[in-house]
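For the sequence shown, position 70 matches number 75 in the numbering used here, and the numbering has no gaps at all. Heads up, the beta-carbon is just placed ideally off N, CA and C, and yes, glycines get one too. Note that the structure is predicted; figures quoted are calculated from it, not measured. Notes for the one structure printed next.
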Amino acid sequence: KTGLDVKSEACQRFFRDGLTISFTKILTDEAVSGWKFEIHVMELCVAKLSQDWFPLLELLAMALNPHCKFHLYNGTRPSETVPAGVQLAEDELYARPPDPRSPK
Numbered sequence: 006k007t008g009l010d011v012k013s014e015a016c017q018r019f020f021r022d023g024l025t026i027s028f029t030k031i032l033t034d035e036a037v038s039g040w041k042f043e044i045h046v047m048e049l050c051v052a053k054l055s056q057d058w059f060p061l062l063e064l065l066a067m068a069l070n071p072h073c074k075f076h077l078y079n080g081t082r083p084s085e086t087v088p089a090g091v092q093l094a095e096d097e098l099y100a101r102p103p104d105p106r107s108p109k
């Protein structure tokens with residue numbers, strides 16, 4: 006968040022060669038079913054958004070895709086920010102979980 010990563014070639018290489026590949030696998034691979042919920046890809050993408058760094062923008066697009074493996078495996082998990090049964094106004098609602106009665 007302080008911008009020190011852009012001054013380090015080793016850190017940039019880690020972002021480019023390690024982190025983006027790992028997050029891509031987390032979001033698209035069957036192995037995601039065994040991953041923990043604390044995956045910080047969104048926070049990282051938002052922190053780096055001002056730099057227009059394309060690999061992270063691609064990750065952000067994958068993370069927001071409701072059909073990626075991560076969402077398919079975790080889509081029925083209850084919200085951590087909005088208690089069950091609470092009705093939000095339409096302008097406050099960001100996303101709605103899939104209807105469990107709908108066929109896949």
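How about residue i and residue j: do their beta carbons lie closer than 7 Å?
{"i": "Cys-16", "j": "Asp-10", "result": "yes"}
{"i": "Leu-61", "j": "Cys-50", "result": "yes"}
Between the options, which has its C-alpha nearest residue i's C-alpha?
{"i": "Ala-68", "options": "Lys-12, Met-47, Asp-34, Gly-80", "result": "Met-47"}
{"i": "Phe-28", "options": "Leu-54, Cys-73, Glu-95", "result": "Cys-73"}
{"i": "Thr-25", "options": "His-45, Pro-71, Asn-79, Thr-81", "result": "His-45"}
{"i": "Glu-35", "options": "Thr-86, Asn-79, Glu-14, Ser-55", "result": "Asn-79"}
{"i": "Phe-75", "options": "Lys-30, Glu-85, Glu-97", "result": "Lys-30"}
Can you give the Cα-Cα distance for residue i and residue j, rounded to whole angstroms?
{"i": "Thr-7", "j": "Trp-58", "result": "16 Å"}
{"i": "Ala-94", "j": "Leu-64", "result": "29 Å"}
{"i": "Gly-90", "j": "Pro-83", "result": "11 Å"}
{"i": "Ser-13", "j": "Phe-20", "result": "11 Å"}
{"i": "Leu-77", "j": "Ser-38", "result": "9 Å"}
{"i": "Val-87", "j": "Asp-96", "result": "15 Å"}
{"i": "Ser-55", "j": "Gln-92", "result": "33 Å"}
{"i": "Ala-66", "j": "Arg-18", "result": "21 Å"}
{"i": "Asn-70", "j": "Thr-81", "result": "15 Å"}
Buried or exposed, going by whether 16 or more other CB atoms sit within 10 Å of the CB of residue i?
{"i": "Lys-53", "result": "buried"}
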